[in-house]
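Colleague:
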Amino acid sequence: MPGVTFSPFNLVAQTCSDGIEEAVQGLKQDRDNFKAIAGQYKRALLELVDRFKELEDICVATQAELANEQTVNRRLRDQIELGHNDGPRPENDTDGLHGEPKHGLALVMEYAQLDIDGLFIPLACANFRRVEQFAVQGDFNPAIIELNRLLRGPLSADARVEGLLLKSIILRAFDPDSLSDALAACNEAMELCDRHPTVKCFLSKIQYYRGICLYRLKMVSHALGAFAAVGRGEIFYDSAMEYRKSCEEEQVLTDGTMGRYGFEEQRTMAEMQPSQPREIQRDRSRALFSSSKPKRLSLPSRWLATYQRASEQDGNSNSIRAAPKAPDHDSNNNDKGLESVDPLLSN
1 MPGVTFSPFN
11 LVAQTCSDGI
21 EEAVQGLKQD
31 RDNFKAIAGQ
41 YKRALLELVD
51 RFKELEDICV
61 ATQAELANEQ
71 TVNRRLRDQI
81 ELGHNDGPRP
91 ENDTDGLHGE
101 PKHGLALVME
111 YAQLDIDGLF
121 IPLACANFRR
131 VEQFAVQGDF
141 NPAIIELNRL
151 LRGPLSADAR
161 VEGLLLKSII
171 LRAFDPDSLS
181 DALAACNEAM
191 ELCDRHPTVK
201 CFLSKIQYYR
211 GICLYRLKMV
221 SHALGAFAAV
231 GRGEIFYDSA
241 MEYRKSCEEE
251 QVLTDGTMGR
261 YGFEEQRTMA
271 EMQPSQPREI
281 QRDRSRALFS
291 SSKPKRLSLP
301 SRWLATYQRA
311 SEQDGNSNSI
321 RAAPKAPDHD
331 SNNNDKGLES
341 VDPLLSN
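The sequence shown: position 336 = 336 (the UniProt record's numbering), numbered continuously.
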């Protein structure tokens, strides 16, 4: 039996098959590794999805709880407002706003001169209660710091608007020099009302607070427009009308002081005509000018005579010839004036 011989082609084919088998084994190993890694990622993703669902449920429950709390507070607020409208209310009574005396909030209202202007601590967000505690205690600086921290975080539109209004109130009560910041807070609240139609109910209150800031900044014309935008059914409508009346009076005084009376619409044509003819006015002007113009007085004749006699006695004939003579038409008048002024000169 003849021996088996291996050709070079068979050797090459065997080598290639071995290389292909090793490559396939490597790919299978990589497949298994990637499959294991993909399984780990899938399990982690499922865990994250479950955690996200739990957080979503917590957020929904919290939002529902806050909405219920806000509804209850609004009902209490409506009852308080109805109680104030039914019975007489003192001018500076601020204890009934929260059902019990809170001297800190009453102090805020007294300093801010707000009377009944809707000063209610926003309860749409429970975190504002800490700000309320600071305000009750009179710690306005920590209240502003805490309020700014809360406003930088995530809040609903109505909670953010109420927080901005509360910031405006505290700034006006804490630092009269911060009226510009208080006005900026009101303007930001108005921008939120423009972007979110759900908070349009706060627009009248925002305009009222904004009008107070403008009124204290002496921007009477802008404050007048802000107070005019306050709704008639609001609880602070009467106070807004008082501010509006004050703005109108100041505007009338300013227009009367700075206006040009020659162009007033109330003047008639008869009042615009001059009361006297133009020729009489010119004569009076000439008379006033001539009386005010200084005249050059001539020397009295007696002085000249005395000077002439003294010169003759001294023999100075040249000086006598060069001595000035008084005009004829003024000599008598000057003599009379001199005698009336100083009788000693005649002696």
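Don't be surprised by glycine CBs; every beta carbon is placed ideally from N, CA and C.
1. Excluding sequence positions up to five away, which residues of its chain have a Cβ less than 8 Å from the Cβ of Glu188?
2. Run through the region 123–174 for me and flag every whole alpha helix (DSSP H) of 4 or more residues, listed as ranges in chain order.
3. Do Cys186 and Arg210 have their C-beta atoms within less than 8 Å of each other?
4. With three or more C-beta pairs closer than 8 Å as the rule, is the region 160–175 touching the region 140–150?
5. DSSP three-state call for Ala232: helix, strand or coil?
6. Is the region 191–206 close to the region 226–240, with three or more CB pairs under 8 Å?
7. So is Arg244 buried or exposed if we call it buried at 16+ other beta carbons inside 10 Å?
8. Just checking my contact of Ile170 with Ala226 at CB under 8 Å: how many whole Å lie between their CB atoms?
9. Between which two residues does the alpha helix (DSSP H) holding Lys205 run?
10. Which same chain residues end up closer than 6 Å to Gln14 when comparing Cβ atoms and leaving out the 5 residues on each side of it in sequence?
11. DSSP three-state label for Met219, please.
12. So, with DSSP's three-state summary, where would you put Pro300?
13. Below 8 Å on the Cβ atoms is my guess for Ala159 versus His196; work out the distance and round it to an integer in Å.
14. Check each candidate in Leu166, Cys213, Val161 and Asp181 and name the one with the smallest Cα separation from Asp194.
15. Looking at the unbroken alpha helix (DSSP H) that takes in Ser180, where does it start and where does it end?
16. Compute the Euclidean distance between the alpha carbons of Gln29 and Gln40, then round it to the nearest angstrom.
17. Could you compute how far the alpha carbon of Cys59 sits from the alpha carbon of Glu242?
18. Suppose you measure from the CA of Asp50 to the CA of Ser180; what does that come to, to the nearest Å?
19. Please report the Cβ distance between residue 348 and Glu146, rounded to the nearest whole angstrom; I am assuming they are in contact, meaning their Cβ atoms lie under 8 Å.
20. Short check: CB of Leu217 to CB of Leu183, under 8 Å?
21. Could you tell me the distance, in whole angstroms, from the CA atom of Gly153 to the CA atom of Val72?
22. Just the Cα atoms here: how many angstroms apart are Ile235 and Tyr215?
23. Less than 8 Å between the beta carbons of Glu191 and Val220, yes or no?
24. Could you check the C-alpha separation between Ile20 and Glu56 for me, to the nearest Å?
25. Have a look at Tyr307 and Gln313 and give me their C-alpha separation to the nearest angstrom.
26. When we look at the beta-carbon of Ala323 and count the other beta-carbons within 10 Å, is it buried (16 or more) or exposed?
27. Quick check: the Cα distance between Gln63 and Ser239, rounded to an integer number of angstroms?
Modeller: The short version:
1. Leu164
2. 128–137, 140–152 and 157–174
3. Yes, the pair counts as a contact, with Cβ atoms nearer than the cut-off.
4. Three or more pairs of CB atoms, one per stretch, sit closer than 8 Å, so the region 140–150 contacts the region 160–175.
5. Looking at the sequence shown, residue 232 is not Ala but Arg. Here Arg232 sits in coil by DSSP.
6. yes
7. Buried: at least 16 other Cβ atoms inside 10 Å.
8. Wrong, their Cβ atoms sit about 20 Å apart, outside the cutoff.
9. Leu203 to Arg216
10. none
11. coil
12. Assigned with DSSP and collapsed to three states, Pro300 falls in coil, not helix or strand.
13. Wrong, their Cβ atoms sit about 12 Å apart, outside the cutoff.
14. Val161
15. Leu179 to Arg195
16. 17 Å
17. About 45 Å.
18. 48 Å
19. Absent from the structure is residue 348, since the part of the chain shown begins at 1 and ends at 347.
20. yes
21. 25 Å
22. 20 Å
23. For Glu191 and Val220, no; Cβs fall outside 8 Å.
24. 53 Å
25. 10 Å
26. Note that Ala323 has pLDDT 47, beneath the 50 cutoff, so the model's placement of it is unreliable and the number below is only indicative. The residue is exposed, with fewer than 16 neighbouring Cβ atoms inside 10 Å.
27. 35 Å
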